[in-house]
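Participant: Chains as they are written, first to last, in this note's numbering: chain R, 902 to 1130; chain U, 902 to 1130. Even glycine gets a Cβ: it sits at the ideal position worked out from N, Cα and C. Shown below is the structure under consideration.
2 protein chains.
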Amino acid sequence: MAAKRSGAQGKRPRRITEGLQPVHEPRSEPPLSRERIVATAVELLDAQGVDGLTMRRLADRLGSGVMSLYWHVDNKEDVFDLALDSVLEYRGPPQIAQDWRGEVVHMLEDWRASMLRHPWSASLLPRRALGPNILSRLELLSKTLSRAGVAEADVNVAIWSLWNYVMGATITRASFDLSDDDRAAGHQRLTRLSERYPTIERSRLLLDNDWDGAFRKGLGFLLDGLSPR
Amino acid sequence: MAAKRSGAQGKRPRRITEGLQPVHEPRSEPPLSRERIVATAVELLDAQGVDGLTMRRLADRLGSGVMSLYWHVDNKEDVFDLALDSVLEYRGPPQIAQDWRGEVVHMLEDWRASMLRHPWSASLLPRRALGPNILSRLELLSKTLSRAGVAEADVNVAIWSLWNYVMGATITRASFDLSDDDRAAGHQRLTRLSERYPTIERSRLLLDNDWDGAFRKGLGFLLDGLSPR
DNA sequence: ACTGAGGCTCGTACACGGTACGAGTCGGCA
DNA sequence: TGCCGACTCGTACCGTGTACGAGCCTCAGT
């Protein structure tokens, strides 16, 4: 009973025949591999959204049979997990020496930006297991806040607060600009109901488009609250 | 070409035959209606989660044919929207006269509690249109913050910050206690990788179970930052 | 040179899912 | 009586994830 894969063994130990390509077969595709599958899944997700990712479509794009994927990957959930983590790497702060606030803000804005570049990732993240790239970011956050002098007992709360803020902001943002139809419909419903919700209508709460500015400003407020007194 | 429904006309103008039940038919179910469908959908979602809601299952539970649902409801998305909003009603602060912070905290904790009572709602909310009950909550928030003296230019940012915080916290919480399996697996992976993430390991970031306390405390920090100086 | 064992690919099949279509029922009114 | 509109539902279609097992192709051991 062939071993079947057991979690992470789609690795590529074969392909000893390095330099010589198979003569027949019109070039076509390089061999299947976990990495290639994940990369293609990200492409597909970017292009078609969460519902656009289908094992069949994925296989098509890879030029392989559907069931071949399952040799390298446990199931569709696995594909999501891998795609997600692959998109959340952090390369660290830009140059040398910033104050702790600058460092935190940079990492969180980068986090948000990464997720918005792949809008499907935002809504996926909170449901899935924490991959290594996410843990690294949390680790960094933890270290920075401790160094900044946040009380030992408050660090965890601070981390989760920042996490919550970033997740909420990004998920909301990502799902809002998906469809202009929804936006138009919402707009219409809004003006129709403006007498029911006068305050949010007057302040144009739902029409403000400066998401980036609002994110930065709100993050500022939160950090004000978190700063050691 | 029978009118078909057009969005909100599954209302019940028939049933003129009030007091007299149909003689044959062994009692069985009351007639189908939008309200009954939504209520049953919520039951199903509570019991089986987002993936557990199936038009077929829903119809089974209602004792009707699958396609009958589509007379009262546009499609499955519609069911989600209706179920979601039906679960988010706010009944207002407990008694009389609180300070603005107390009012805000009460409303947001109630919001969170409502969503945690129906864990599927948290992950659905940010993707779906804003229903009337949600808008009411935002309206209340807006009024309260203005009354509290938050600068005109900051009110919207404050609202979104609170929204983000609540959404992030609730979604995270709701998806975390779904499966003990995941939790166990994560725990194991964590201790295995503890040398890679020493700080979050030492602070037991991922093992702390006091979600409610953390929510309240973090909300306090955020409100500190938002308070008019 | 032959054989057998994996590593890997893939076609077929199944059990579901949402929903289009159109036929059927019933009650009230002309 | 005939019709019409509100409502119900069976059937059918197509698209989904994935179990199963048959088929490679390469290499190790003989």
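#1: Under a Cβ-count criterion, where at least 16 other Cβ atoms within 10 Å of its own Cβ denotes burial, should V951 of chain U be classed as buried or exposed?
#2: Tell me which residues share the same chain as G1032 of chain R and place their Cβ nearer than 6 angstroms to its Cβ, disregarding the 5 neighbours each side in the sequence.
#3: Can you confirm whether N1065 of chain R, when its beta carbon is compared against all beta carbons of chain U, has any partner nearer than 7 angstroms?
#4: Inspect the CB distances between the segment 1058 to 1074 of chain R and the segment 1064 to 1072 of chain U and report whether three or more fall short of 8 angstroms.
#5: What did DSSP end up calling P994 of chain R once you bin it into helix, strand or coil?
#6: Since V974 of chain R and I938 of chain R should fall inside the 8 angstroms C-beta cutoff, what is the C-beta to C-beta distance between them, to a whole number of angstroms?
#7: Where does the unbroken alpha helix (DSSP H) through E1102 of chain U begin, and where does it stop?
#8: Hey, is A1070 of chain R's beta-carbon within less than 7 angstroms of any beta-carbon in chain U?
#9: Less than 7 angstroms between the C-beta atoms of L1123 of chain R and L1123 of chain U, yes or no?
#10: Grouping DSSP H, G and I as helix and E and B as strand, with all else coil, what is E1136 of chain R?
#11: May I have the straight-line CA-CA distance separating L1127 of chain U from E1096 of chain R, to the nearest angstrom?
#12: Along the chain, where does the alpha helix (DSSP H) that runs through L1108 of chain R open and close?
#13: Look at the alpha carbon of L1108 of chain U and the alpha carbon of L1036 of chain R, and state the distance between them as a whole number of angstroms.
#14: Cβ closer than 7 angstroms: which chain U residues qualify as neighbours of R1028 of chain R?
#15: Once the 5 residues before and after A942 of chain U are set aside, which same chain residues still bring their CB inside 7 angstroms of it?
#16: With the cut-off set at 7 angstroms, would you say P1027 of chain U and T1100 of chain R are in Cβ contact?
#17: Quick check on G1063 of chain U: does DSSP put it in helix, strand or coil?
#18: Decide if the segment 1011 to 1024 of chain R is in contact with the segment 1048 to 1062 of chain R; the criterion is three or more beta carbon pairs, one per stretch, under 8 angstroms apart.
#19: Take the Cβ of G908 of chain U as the centre, count every other Cβ of all protein chains shown within 10 Å, and call the residue buried at 16 or more, exposed below.
#20: Considering only the alpha carbon of each residue, which of R:A1049, R:R1130 and R:A1075 lies closest to Q999 of chain R?
#21: Less than 7 angstroms between CB atoms is the rule here; does D979 of chain U satisfy it with respect to chain R?
#22: At the 7 angstroms Cβ level, is G1126 of chain R part of the contact set with chain U, yes or no?
#23: Nearest chain U C-beta to T955 of chain R closer than 7 angstroms, yes or no?
#24: Look at the Cβ atom of H1019 of chain R, then the Cβ atom of D947 of chain R, and state whether they are nearer than 7 angstroms.
#25: Of the choices R:M968, R:G966 and R:D982, whose alpha-carbon is the least far from that of A940 of chain R?
#26: Distance check for R1103 of chain U and L933 of chain U, CA to CA, integer angstroms please.
#27: I want to see whether chain U comes within less than 7 angstroms of E1040 of chain R, judged by CB atoms only; does it?
#28: Excluding the five sequence neighbours on either side, which residues of its own chain have a C-beta within less than 8 angstroms of the C-beta of N976 of chain U, listed in chain order?
#29: Exposed or buried, what is R1130 of chain R when buried is set at 16 or more other beta-carbons lying within 10 Å of its beta-carbon?
#30: Look up H973 of chain R in the DSSP assignment and say whether it is helix, strand or coil.
#31: Is it buried or exposed, E978 of chain R, if we count other Cβ atoms within 10 angstroms and call 16 or more buried?
#32: Do we get a CB-CB distance below 7 angstroms when we pair W1061 of chain U with the residues of chain R?
#33: Measuring straight from C-alpha to C-alpha, what distance separates L963 of chain U and V988 of chain U?
#34: By the criterion of Cβ-Cβ separation under 8 angstroms, what are the contact partners of N1057 of chain R in chain U?
#35: Check distances from the C-beta atoms of the segment 983 to 1005 of chain U to those of chain R and list, in chain order, the residues that come in under 9 angstroms.
Facilitator: Put simply:
#1: The residue is exposed, with fewer than 16 neighbouring Cβ atoms inside 10 Å.
#2: The beta carbon of G1032 of chain R lies closer than 6 angstroms to those of D986 in the same chain, with the five residues before and after it left out.
#3: N1065 of chain R counts as touching chain U.
#4: Counting Cβ pairs under 8 angstroms, three or more are found: they touch.
#5: Looking at P994 of chain R - three-state DSSP - the assignment turns out to be coil, as it is neither helix nor strand.
#6: Taking C-beta atoms under 8 angstroms as the contact rule, V974 of chain R and I938 of chain R qualify, at a distance of about 6 angstroms.
#7: Counting along the chain, the alpha helix (DSSP H) containing E1102 of chain U begins and ends at P1099 to R1103.
#8: Taking Cβ atoms only, chain U reaches closer than 7 angstroms to A1070 of chain R, which makes this a yes.
#9: Their beta carbons are under 7 angstroms apart, which means L1123 of chain R touches L1123 of chain U by this criterion.
#10: Chain R is shown from 902 up to 1130; residue 1136 of chain R falls before or after that span and cannot be answered.
#11: So the alpha carbons of these two residues sit roughly 28 angstroms apart.
#12: For L1108 of chain R, no alpha helix (DSSP H) run applies, since DSSP gives it neither H nor E.
#13: Within the model, the alpha-carbon separation for L1108 of chain U versus L1036 of chain R is close to 14 angstroms.
#14: Simply S1024 and S1076.
#15: Excluding the 5 residues flanking it on each side, A942 of chain U has same chain C-beta neighbours closer than 7 angstroms at L954, L959, V980 and A984, in chain order.
#16: At least 7 angstroms separates the beta-carbon of P1027 of chain U from that of T1100 of chain R.
#17: Correcting the residue identity first, residue 1063 of chain U is Leu in this sequence and not Gly. Helix at L1063 of chain U.
#18: At 8 angstroms Cβ cutoff, the stretches do not touch.
#19: Note that G908 of chain U has pLDDT 43, beneath the 50 cutoff, so the model's placement of it is unreliable and no number is given.
#20: When only C-alpha atoms are compared, the closest one is R:A1049.
#21: Under the Cβ criterion of 7 angstroms, D979 of chain U is not counted among the residues facing chain R.
#22: Judged by the 7 angstroms Cβ criterion, G1126 of chain R is in contact with chain U.
#23: Chain U has no Cβ within less than 7 angstroms of the Cβ of T955 of chain R.
#24: With contacts defined by Cβ atoms closer than 7 angstroms, H1019 of chain R and D947 of chain R form a contacting pair.
#25: If we check each option's Cα against that of A940 of chain R, R:D982 comes out closest.
#26: When rounded, the distance between both Cα atoms is 56 angstroms.
#27: Yes, its Cβ sits closer than 7 angstroms to a Cβ of chain U.
#28: Closer than 8 angstroms at Cβ, skipping near neighbours: no residue.
#29: Sixteen is the threshold: since fewer than 16 other Cβ atoms of the shown chains lie within 10 Å of the Cβ of R1130 of chain R, the residue is exposed.
#30: H973 of chain R falls in the helix class under three-state DSSP.
#31: Answer is exposed; the Cβ neighbour count stays below 16.
#32: At least one beta carbon of chain R lies nearer than 7 angstroms to the beta carbon of W1061 of chain U.
#33: Looking at the two C-alpha atoms, the distance is approximately 20 angstroms.
#34: Correct list: S1104, R1105, L1106, D1109 and A1115.
#35: Flagged: no residues at all.
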